[in-house]
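A short worksheet on the structure shown next.
This is the structure:
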């Protein structure tokens, strides 16, 4: 069995500091907090050079030394990662931010950034001997875990609100998952999953209830740094639901600092939420370290409809420590963003990505974003998974017509 | 203006040999044949080394020396290319082809391989001063050209059969294209476009009527060779409609031979078509060099419903000269293939990609594929663009349920 060269040493609770053995299945800390993977970063600093990465395959396993999988045979991959960093000069001109970029997570298996968490989460679960995973989902995470789970030979039990995007349901079904719908919210699905796990002893793959999804997501941070030539941009905007991505990007950048691949500067991390579900924005405005449950949440951007995230304190920490901020955007502006990205730059993004457009505009107006800043919008998924964001309105031609 | 280093010398007719100037807009040859781009391959052999490619960005512009764009400022890109080559060990075991791979063209902007042709075609059109493009489409090509066209600042006029995949229509609309539907086939759309081009003087972006789309598609051949360490596999299976991809892959491999990056061996190229639209298969069985119009064509794999391809003679040449073959597959087997790829390997492909499954099975049984062959299935697009290939059938749970 060939080793990956991972510098993983174990798991630690970011709240109470308790350590856990990463060679056994672990979920939350006794204190209720998610756990984070720890690496021997001193050793990594001494032994791992960034030059070694550049010739590797363009997927997220190029950073395997700081990923949690210990043996190569456990890596479950479909070529995910190294998504393009696309300059947006036309939109940048409109918004007076000439150095505007889109990190396009639509260009990845399953069409959303959930593939990163699933690839690494499923791989580590395989390493730990898991056979059945279970999770509630608003759609994309379930689809990604079902498909990667199938590559690993797992049985997947997925419970989804019936309002979840149709395409994601069909992906789960195609992958042969045991998929169930509920007439309710993801929180209702979560309760069913929790009871079923307690009964059957399945592996809980719910957001942040296993510690390795975040390790997959953090590779977005590694890639952004590598794509800017091992520097960092000034601002990264991230549509925030569960917040695993922003937590992961922050973790990645801190790790890169510790191994000496980037300098002291960190980008300002900006959480973008929908007005109809903005618990992080509310907590940020009030200067709090944790969020409160956001009642009656609703937004067209289904993936960021998370009224209370388990890792909210880690999201807020990432914002505060990078001098970032949190902003909310109306559903109308979210859909306008989808349209402006497509009809200005030819990039068709998901509604969550669309939310970033209005956020950049507002933060530039307010002066939070400076004209010369390098600004990255992190689009979390492909617009083709959300065809209904476009109002169909097509003229018909007769067969003998000439335009 | 920075030069790309392209070794382009001009255009040539593969039928009558007439040469054309690539610094001016060109469409078909006087004799009616599509034109092909030519490069100074002797100079490329002397001056361009494969080692120079490995450190470049993972997109198709890493091969810019053998692409037709002369100035970097004309490159219109959204990060397309270097799609993953995914091992399929589980399916390979089932089919007794242990070295089975999927080249997954779903992992690209717009979710299909049409992005390659659009990126290079639009870039060259921009270089030639084009402002308005027009084309008929069955969906994916139109979506790709509309979106890349928007990045180039073009106006796009797209005419599509009303039966084309809904998502692709919405992509065109999102990109601000002038999109029209017809109650007819792509051939009907083509007639409307031809009349409208004659009236308005627009750039004809129809399949093979401009010479550069094929240059984008050929990068699939470059990538497959690079991904196998500058060797070639034994067999490549390609779902064939217009056939631009197989023509392009063949052209790429011949160019790589001439510049000395690969040896004498070529992979057997296999055209896979639907039983309901199999003009290339019929011509191959009859040993002919051109196909006949396939009447009353129909198949669930809309992208390969092309009853008579303009480049049919080039497709057949690629098959004959590589000792390949052509096979047809029923619609039932096409959908079965989509399911088997998803529920065995966790890869959700388009129906065109699904067709390859039954083709591999049959060619292995017949002995055309040997057990130890390295076999590449070229999946042309993402399954998420075709959600209706999955029959929805979901059990509902009550809120107080336990599984």
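Chains as they are written, first to last, in my numbering: chain A, 1 to 403; chain B, 1001 to 1403.
Every residue, glycine too, gets a C-beta built ideally from N, C-alpha and C.
- request: Identify which residue in A:347, A:73, A:176 and A:177 has its Cα closest to the Cα of residue 1 of chain A.
  value: The shortest Cα separation from residue 1 of chain A among A:347, A:73, A:176 and A:177 belongs to A:73.
message: Could you pull the DSSP bridge partners for residue 377 of chain A from this structure?
response: A:102 and A:237
field: Three-state secondary structure (DSSP) of residue 1165 of chain B
entry: coil
Segment contact, 8 angstroms Cβ cut-off, at least three pairs: the segment 1353-1372 of chain B with the segment 1328-1341 of chain B: Contact holds between the segment 1353-1372 of chain B and the segment 1328-1341 of chain B, because three or more Cβ pairs, one in each stretch, are under 8 angstroms apart.
message: Measuring only the C-alpha atoms, how far is residue 1199 of chain B from residue 1176 of chain B?
response: 22 angstroms
query: DSSP on residue 1211 of chain B, reduced to helix/strand/coil?
result: coil
field: For residue 1331 of chain B and residue 1382 of chain B, believed in contact at Cβ under 8 angstroms, the rounded distance
entry: About 20 angstroms separates the two Cβ atoms, so there is no contact after all.
message: By alpha-carbon positions, which one of A:108, A:309, A:164 and A:227 ends up nearest to residue 379 of chain A?
response: A:108
- prompt: Going straight from the alpha carbon of residue 36 of chain A to that of residue 212 of chain A, what length do you get?
  reply: 8 angstroms
task: Show which residues of chain B have a CB atom less than 8 angstroms away from the CB atom of residue 373 of chain A.
output: Residues of chain B passing the Cβ test: none, with the nearest at roughly 22 angstroms.
query: Counting along the chain, where does the beta strand (DSSP E) carrying residue 1196 of chain B start and finish?
result: Element bounds for residue 1196 of chain B: not the beta strand (DSSP E) but the alpha helix (DSSP H), 1186-1200.
message: For the beta strand (DSSP E) containing residue 1273 of chain B, name the first residue and the last one.
response: Per DSSP, the unbroken beta strand (DSSP E) holding residue 1273 of chain B starts and ends at 1268-1274.
- prompt: Just checking, does the segment 87-97 of chain A make contact with the segment 359-379 of chain A on the three C-beta pairs under 8 angstroms criterion?
  reply: Contact between the segment 87-97 of chain A and the segment 359-379 of chain A is present, because at least three Cβ pairs lie under 8 angstroms.
- prompt: What residues in the segment 1106-1118 of chain B have a beta carbon less than 7 angstroms from any beta carbon of chain A?
  reply: For the segment 1106-1118 of chain B, the set of residues with a beta-carbon nearer than 7 angstroms to any beta-carbon of chain A comprises 1107, 1108, 1109 and 1111, in chain order.
message: Helix, strand or coil, according to DSSP, for residue 21 of chain A in the structure here?
response: coil
message: Which residue wins for smallest C-alpha separation from residue 141 of chain A, given the options A:262, A:127, A:157 and A:153?
response: A:157
message: With the cut-off set at 8 angstroms, would you say residue 247 of chain A and residue 311 of chain A are in Cβ contact?
response: Less than 8 angstroms separates the beta-carbon of residue 247 of chain A from that of residue 311 of chain A.
- request: Write down the C-beta distance between residue 1262 of chain B and residue 1318 of chain B rounded to the nearest angstrom, noting that I regard them as a contact closer than 8 angstroms.
  value: About 16 angstroms separates the two Cβ atoms, so there is no contact after all.
message: So, does the segment 54-73 of chain A touch the segment 1060-1078 of chain B, judging by three or more C-beta pairs under 8 angstroms?
response: no
- prompt: From the DSSP output, which residues share a beta bridge with residue 1010 of chain B?
  reply: B:1038
task: Verify the CB distance criterion: does residue 1054 of chain B have a CB-CB separation below 8 angstroms to chain A?
output: Interface residue (Cβ-Cβ distance to chain A less than 8 angstroms): residue 1054 of chain B is classified as such.
Nearest neighbour of residue 1136 of chain B, chosen from B:1088, B:1362 and B:1182 [CA to CA]: B:1182
query: Of the residues B:1127, B:1162 and B:1059, which one's Cα is nearest the Cα of residue 1154 of chain B?
result: B:1127
query: Going by other Cβ atoms of all chains shown within 10 Å of its Cβ, with 16 needed for buried, is residue 404 of chain A buried or exposed?
result: Absent from the model: residue 404 of chain A. The displayed extent of chain A is 1 to 403, so no value can be given.
- prompt: Of the residues that make up the segment 1056-1085 of chain B, which ones have a beta carbon closer than 9 angstroms to any beta carbon in chain A?
  reply: So the list reads 1057, 1058, 1059, 1076, 1077, 1078, 1079, 1080, 1082, 1083, 1084 and 1085, given in the order they occur along the chain.
- prompt: Within the chosen definition, does the segment 43-56 of chain A reach the segment 1074-1081 of chain B through at least 3 CB pairs nearer than 8 angstroms?
  reply: no
- request: Could you name the residues of the segment 157-175 of chain A whose beta carbon sits closer than 8 angstroms to any beta carbon of chain B, in the order they occur along the chain?
  value: 157, 159, 162, 166, 167, 169, 170, 171, 173, 174 and 175
- prompt: Nearest to residue 1088 of chain B by alpha carbon, out of B:1400, B:1374, B:1403 and B:1397?
  reply: B:1374
message: What does the alpha-carbon distance come out to for the pair residue 1290 of chain B and residue 1243 of chain B?
response: 13 angstroms
- prompt: Distance, Cα to Cα, residue 278 of chain A vs residue 288 of chain A?
  reply: Going from the Cα of residue 278 of chain A to the Cα of residue 288 of chain A covers about 14 angstroms.
- prompt: Among the residues of its own chain, which have a CB less than 6 angstroms from the CB of residue 1218 of chain B, if the five just before and after it don't count?
  reply: 1248, 1251 and 1252
message: Measuring only the C-alpha atoms, how far is residue 204 of chain A from residue 328 of chain A?
response: 31 angstroms
field: Secondary structure of residue 1251 of chain B, DSSP reduced to three states
entry: Residue state, collapsed to three classes: helix.
query: So does the segment 165-172 of chain A actually touch the segment 184-196 of chain A, counting three or more Cβ pairs closer than 8 angstroms?
result: At 8 angstroms Cβ cutoff, the stretches do not touch.
query: Which residues in the same chain have their Cβ closer than 6 angstroms to the Cβ of residue 1019 of chain B, if we skip the five residues on either side of it in sequence?
result: 1010 and 1012
query: Roughly how many angstroms lie between the CA atoms of residue 1296 of chain B and residue 1359 of chain B, to the nearest whole one?
result: For residue 1296 of chain B and residue 1359 of chain B, the distance between alpha carbons rounds to 23 angstroms.
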